[in-house]
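Following UniProt numbering, the numbering of the sequence shown begins with 1 at its first residue and continues without gaps. To start, the structure itself, in structure tokens.
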Amino acid sequence: MKKNVLFFSGANYSHKGFYNNNYDIFLVTDDSQEAKLQDTIYKQIIFLPDFDDFERARSTILTINQDFPLSLVTTFSEKKQPLVSKICDSLNLNGPSKTSVELLNNKYLMRKKLENKNLLETKFSLVNCRDDIYRFIEYTDFPVVLKPIDGIGGEGITLIENEQNLNEVEEDIKNYIVEEFIQGKEFSIEAVGFKGEHQIFTITEKIKDSKMNEIGHIIPYNQKFFCLERAQEYINTLFSILAIDQGITHTEIIVNEDGIYLVESHLRMGGNHIGEMIEMTLGINMSDIYAKSMIRGSLYRGKIEWNGTYAEVLSIFPNESGVIEEILAPEKIENCNKIFYLKSVGDFVLNKGNSNRILSFIKESHSYNHLKASVKSDIEKFRIKIDTKYV
1 MKKNVLFFSG
11 ANYSHKGFYN
21 NNYDIFLVTD
31 DSQEAKLQDT
41 IYKQIIFLPD
51 FDDFERARST
61 ILTINQDFPL
71 SLVTTFSEKK
81 QPLVSKICDS
91 LNLNGPSKTS
101 VELLNNKYLM
111 RKKLENKNLL
121 ETKFSLVNCR
131 DDIYRFIEYT
141 DFPVVLKPID
151 GIGGEGITLI
161 ENEQNLNEVE
171 EDIKNYIVEE
181 FIQGKEFSIE
191 AVGFKGEHQI
201 FTITEKIKDS
211 KMNEIGHIIP
221 YNQKFFCLER
231 AQEYINTLFS
241 ILAIDQGITH
251 TEIIVNEDGI
261 YLVESHLRMG
271 GNHIGEMIEM
281 TLGINMSDIY
291 AKSMIRGSLY
301 RGKIEWNGTY
311 AEVLSIFPNE
321 SGVIEEILAP
331 EKIENCNKIF
341 YLKSVGDFVL
351 NKGNSNRILS
361 FIKESHSYNH
371 LKASVKSDIE
381 KFRIKIDTKY
391 V
């Protein structure tokens, strides 16, 4: 007998693992996603014009569940997780727990929880005005990082390095945290969990620019500085505290000689093609692992078979805010197998925040160091012309 799973939003790649394991997939989404969907993998696609209406969404899921009992209701969209967890709780359906979603989507509550359990050493504070930041800096000194409590995808994050940066912050800000800036290497940990067990499949090294934009990732990170065994120990402790017992997870950390510092954790696959890069290099499809775990009723421990290559994704951001006038790509980039255009001529973009990526491209190489060494020169091959007169 087939199992049934329902996804809220998202499309195609992150759902295919369930399709390949003979699940019937129901998708609830809005019509803005219609052009991106591959109808062949879905049993039914339900378009809801008022996507965030709790009662309407709940009624839709209830009706489907009556005809096709759902083994799982979930979403890989952080924006939709509070809604989905609330619906699952009200209908007693298997899905993301309200407790873990509330902690993961509120940077302040999550840090307080970890601080109380002695897993967080980063100094931080809730701030609601510029004076609150002043007081925090008197305690810690520059630099500090300002983040919206409920921000996602790097939106609204500001690095404050000096008095001038601080004076540029709005006088009245609401629902932000400020925390000390931690020097170190930044990584993400990609894992799948089921019934409280979690398997890490890879570590990615993150590449950031001066505006704190994530301009790239390299997979797999297998250097001596930070190993899978140490990452596994940290994830087991972290997820126990945050009540994360199942799902695909993407956890961002900073590591230095003093320890491991959490940036944030997510109940979803890593963005910017991390899932595809894991499959390219390690032969693992993370949604396939999750689906197999659901079928067997315990964590399916996938076999990692590294093919000896490294994959790198790099992103191009605008240098200025404004309207895109021209996107010029080079005829050839060494070892590049695909370019993904995320913005078009005529789109308005800001010069910071991951949602303002203009394009991304993936490279493969047998040399980790070669990929890292060519980041700057590869990015400089692209030319983006921005019209700033409407800013």
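For each residue, glycine too, the CB sits at the ideal point set by N, CA and C. The model shown is predicted, which means the values in this text are computed figures rather than measured ones.
Cα-Cα separation between residue i and residue j, rounded to whole angstroms
i: I41; j: L299; result: 24 Å
i: I87; j: I25; result: 18 Å
i: F136; j: D258; result: 22 Å
i: residue 393; j: I358; result: Nothing can be reported for residue 393: it is not among the residues displayed for the chain, which extend from 1 to 391.
i: P220; j: E305; result: 12 Å
i: V169; j: E55; result: 39 Å
i: L126; j: L159; result: 16 Å
i: M280; j: K363; result: 11 Å
i: Y139; j: L146; result: 15 Å
i: L48; j: R58; result: 12 Å
i: M212; j: K352; result: 8 Å
i: T60; j: L91; result: 12 Å
i: L27; j: N162; result: 47 Å
i: Y144; j: I316; result: One detail in the question is off: residue 144 reads as Val in this sequence, not Tyr. V144 and I316: Cα-Cα distance of roughly 25 Å.
i: P148; j: F8; result: 24 Å
i: C129; j: N236; result: 36 Å
i: K292; j: M286; result: 10 Å
i: I173; j: G156; result: 11 Å
i: L70; j: I327; result: 45 Å
i: N369; j: S377; result: 14 Å
i: F51; j: E252; result: 29 Å
i: L120; j: S365; result: 36 Å
i: L104; j: K79; result: 11 Å
i: V5; j: T29; result: 14 Å
i: K303; j: M110; result: 32 Å
Reduced DSSP category for residue i - H, G, I as helix; E, B as strand; rest coil
i: S9; result: coil
i: F47; result: strand
i: A191; result: strand
i: N106; result: coil
i: N128; result: strand
i: F181; result: coil
i: T74; result: strand
i: A329; result: coil
i: I41; result: helix
i: S85; result: helix
i: D24; result: strand
i: E197; result: strand
i: Y221; result: coil
i: K206; result: strand
i: K174; result: strand
i: N167; result: helix
i: K3; result: coil
i: I235; result: helix
i: K147; result: strand
i: I152; result: coil
i: I133; result: helix
i: F348; result: strand
i: E186; result: strand
Which listed residue (the options) has its alpha carbon closest to that of residue i
i: F201; options: H250, D245 and E179; result: H250
i: I260; options: E233, S377, V5 and Y341; result: E233
i: T122; options: I379, E264 and S321; result: E264
i: I215; options: S90, V145, S188 and N354; result: N354
i: Y23; options: L371, F8 and K43; result: K43
i: E331; options: F382, V313, N65 and I157; result: F382
i: V101; options: L120, F76, P69 and K117; result: F76
i: Q199; options: E312, K174 and I248; result: I248
i: T74; options: L83, G95 and N65; result: G95
i: V375; options: T388, I384, F361 and H366; result: F361
i: L342; options: P318, E334, N335 and S365; result: P318
i: N335; options: G271, D245 and A311; result: A311
i: Q81; options: I339, T99 and I64; result: T99
i: V178; options: G153, K195, D141 and F194; result: D141
i: Q164; options: N337, Y134, G271 and D245; result: Y134
i: V192; options: G10, I284 and N116; result: I284
i: I64; options: N307, K3, R230 and N106; result: K3
i: N20; options: N356, V84, I295 and F226; result: I295
i: Y108; options: F124, G17 and L72; result: F124
Whole-Å CB distance - residue i paired with residue j, under 8 Å assumed
i: Y13; j: E325; result: Wrong, their Cβ atoms sit about 31 Å apart, outside the cutoff.
i: K113; j: L242; result: 7 Å
i: V255; j: F181; result: Actually they are not in contact, since the Cβ atoms of V255 and F181 sit about 15 Å apart, beyond 8 Å.
i: I46; j: D39; result: Not a contact, Cβ separation roughly 13 Å.
i: residue 393; j: I386; result: Residue numbering for the chain in the displayed model covers 1 to 391; residue 393 lies beyond these limits and cannot be assessed.
i: E190; j: I278; result: 6 Å
i: I203; j: H217; result: Contact flag wrong, Cβ pair sits at about 10 Å.
i: L314; j: I379; result: 6 Å
i: D131; j: K195; result: So it is not a contact: roughly 47 Å between Cβ atoms.
i: L262; j: L228; result: Wrong, their Cβ atoms sit about 18 Å apart, outside the cutoff.
Near the ligand HEM: residue i beta-carbon under 6 Å from a heavy atom
i: T202; result: As presented, the structure is devoid of all ligands, the ligand HEM included, so that no description of it is given.
Would you list, in sequence order, the uninterrupted beta strand (DSSP E) runs of no fewer than 3 residues that lie entirely inside the region 350-388? 359-365 and 383-387
Quick one: which unbroken beta strand (DSSP E) runs of 3-plus residues sit fully inside the region 255-339? Chain order, please. 259-266, 310-316 and 322-328
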